[in-house]
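Colleague: The structure follows.
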Amino acid sequence: MLVGSIAAVVVLSGAAFGVYQWQINNSSIEVKAINWQKIQLAHTFTGHQGRVWSVAVSPHPVSEGSIPLLATASEDKTVKLWDLQTGKNLKTLEGHAQGVLSVVFSPNGQMLASSGKDATIKLWDVPSGKLIRTLAEHPKNVRSVVFSPDGQTLVSSSWDNTIKVWNVQTGKSLHTLKGHTEGVFAVAISPDGQTIASASKDKTIKLWNLTKGILNRTITGHQDSVRSLAFSPDGQTLASGSNDKTIKLWNVSTGELNRTLAGHTSLINSVAFNRDGQTLVSGSEDKTIKLWNGNTGEQIRTFTSYSDVVTSVVFYPDGQGFVSGSGDKIAKAFSF
Numbered sequence: 009m010l011v012g013s014i015a016a017v018v019v020l021s022g023a024a025f026g027v028y029q030w031q032i033n034n035s036s037i038e039v040k041a042i043n044w045q046k047i048q049l050a051h052t053f054t055g056h057q058g059r060v061w062s063v064a065v066s067p068h069p070v071s072e073g074s075i076p077l078l079a080t081a082s083e084d085k086t087v088k089l090w091d092l093q094t095g096k097n098l099k100t101l102e103g104h105a106q107g108v109l110s111v112v113f114s115p116n117g118q119m120l121a122s123s124g125k126d127a128t129i130k131l132w133d134v135p136s137g138k139l140i141r142t143l144a145e146h147p148k149n150v151r152s153v154v155f156s157p158d159g160q161t162l163v164s165s166s167w168d169n170t171i172k173v174w175n176v177q178t179g180k181s182l183h184t185l186k187g188h189t190e191g192v193f194a195v196a197i198s199p200d201g202q203t204i205a206s207a208s209k210d211k212t213i214k215l216w217n218l219t220k221g222i223l224n225r226t227i228t229g230h231q232d233s234v235r236s237l238a239f240s241p242d243g244q245t246l247a248s249g250s251n252d253k254t255i256k257l258w259n260v261s262t263g264e265l266n267r268t269l270a271g272h273t274s275l276i277n278s279v280a281f282n283r284d285g286q287t288l289v290s291g292s293e294d295k296t297i298k299l300w301n302g303n304t305g306e307q308i309r310t311f312t313s314y315s316d317v318v319t320s321v322v323f324y325p326d327g328q329g330f331v332s333g334s335g336d337k338i339a340k341a342f343s344f
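Position one of the sequence shown corresponds to residue 9 (the working numbering), numbered consecutively onward.
Okay, structure coming up:
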């Protein structure tokens, strides 16, 4: 109920349920549970001729009347765009000379960035599917790319041990961040656009000031390579997935470990937060996807429908499902 400006919400918990989401409309409040046991396979996306390394979902609606899009990046050197609602392949983007390792939509959904083993980053116009420009300053493969929240900056990580910060409009490199002693698997940008997090084969996570390009903090604790990163929506927690088979949740302000999530039997390729900030999804070389309650460390559900490693996982922007990519050349969408 609502009393003046104070909202009282009763939240129930359990292994079958994720965190409750609520909406406030004037003087009423609606509380809705997410029962992750009811989520099921919605679509299987087939068409790639090689491993699907990365998946991304467009912000939706991108524009009035538009459809939510899925992008998949593959070892077959292509990026494919799909209608997330029907599973139909809409476009195939060709231009990389080797396997494509990462793909991400800009915040407004109008641009797509991809990076790959050919040591390049490519920026694409989503409506037309045309190549806008190629960024080619990394000497080795580019493992990960991510846009800043305002869409003006792109950050990339490479097997050359560095992170680069780019101006999206000009294609010029603004900073090269050096400090890792081995290849950098992944980068993430905080929701406020101020902090870059990087994950490396050197077993460390580094936090950088995006604007100044300087190192703020180094986080240690994983026993093997750190392969994936995700900020919580409020920016206070950083999740990391590692070759040591664990996911760790870190306090961004202090660098202290909040919690370790253990349950996978092989290395973890990808982690993502849901919009509730407390439910996580992880994809592993053990061929499973796991949903977690980040508050308790509980495993909510395990998905075992893959015949090969799970390479990438991402939630829908509305929080009502997720997409995964795998080594068996396909992507899958799960929703209610």
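Ideal Cβ placement from N, Cα and C applies to all residues, glycine included. On a predicted model such as this, the values are computed, not experimentally measured, just so you know.
Could you check whether the region 158–173 touches the region 133–140, counting it as contact only if at least three pairs of C-beta atoms, one from each stretch, sit closer than 8 Å?
Modeller: Output reads no: the region 133–140 does not touch the region 158–173.
Colleague: Could you give the first and the last residue of the continuous beta strand (DSSP E) run that contains Thr100?
Modeller: 97–102
Colleague: Give the DSSP-derived three-state secondary structure of Gln45 in the structure shown.
Modeller: helix
Colleague: Can you check which of these residues, Ser236, His104, Gly95, is closest to Val195 by C-alpha distance?
Modeller: Ser236
Colleague: Assuming Ala341 contacts His51 under a Cβ cut-off of 8 Å, what Cβ separation, rounded to an integer in Å, is found between them?
Modeller: Going by Cβ atoms, the distance from Ala341 to His51 rounds to 5 Å, so yes, they are a contact pair.
Colleague: Could you check how far apart the C-beta atoms of Phe7 and Leu78 are, in whole angstroms? I think they sit under 8 Å.
Modeller: No statement about residue 7 is possible, as the shown extent of the chain runs from 9 to 344 and does not include it.
Colleague: Runs of 3 residues minimum, wholly inside the region 243–293: which ones carry the beta strand (DSSP E) assignment?
Modeller: 245–250, 254–259, 265–270, 276–281, 287–292
Colleague: Could you check the C-alpha separation between Pro199 and Asp84 for me, to the nearest Å?
Modeller: 32 Å
Colleague: Whether or not the region 236–253 and the region 281–292 are in contact is what I'm after, with contact meaning three or more pairs of Cβ atoms, one per stretch, closer than 8 Å; do they touch?
Modeller: yes
Colleague: Please state whether DSSP places Gly329 in a helix, a strand or coil.
Modeller: strand
Colleague: Exposed or buried, which one is Ile222 when buried takes at least 16 other CB atoms within 10 Å?
Modeller: exposed
Colleague: Give me the residue from Gly291, Asn169, Arg141, Lys209 with the minimum Cα distance to Thr178.
Modeller: Arg141
Colleague: With H, G and I counted as helix, E and B as strand and the rest as coil, what does DSSP make of Ile338?
Modeller: coil
Colleague: For a quick check, are the C-beta atoms of Lys88 and Gly55 less than 8 Å apart?
Modeller: yes
Colleague: Identify, in the order they occur along the chain, each residue of the same chain with its Cβ nearer than 8 Å to the Cβ of Gln202, setting aside the five sequence neighbours on each side.
Modeller: Asn217, Leu218, Thr219
Colleague: What separation, rounded to the nearest whole angstrom, lies between the Cα atoms of Pro67 and His272?
Modeller: 30 Å
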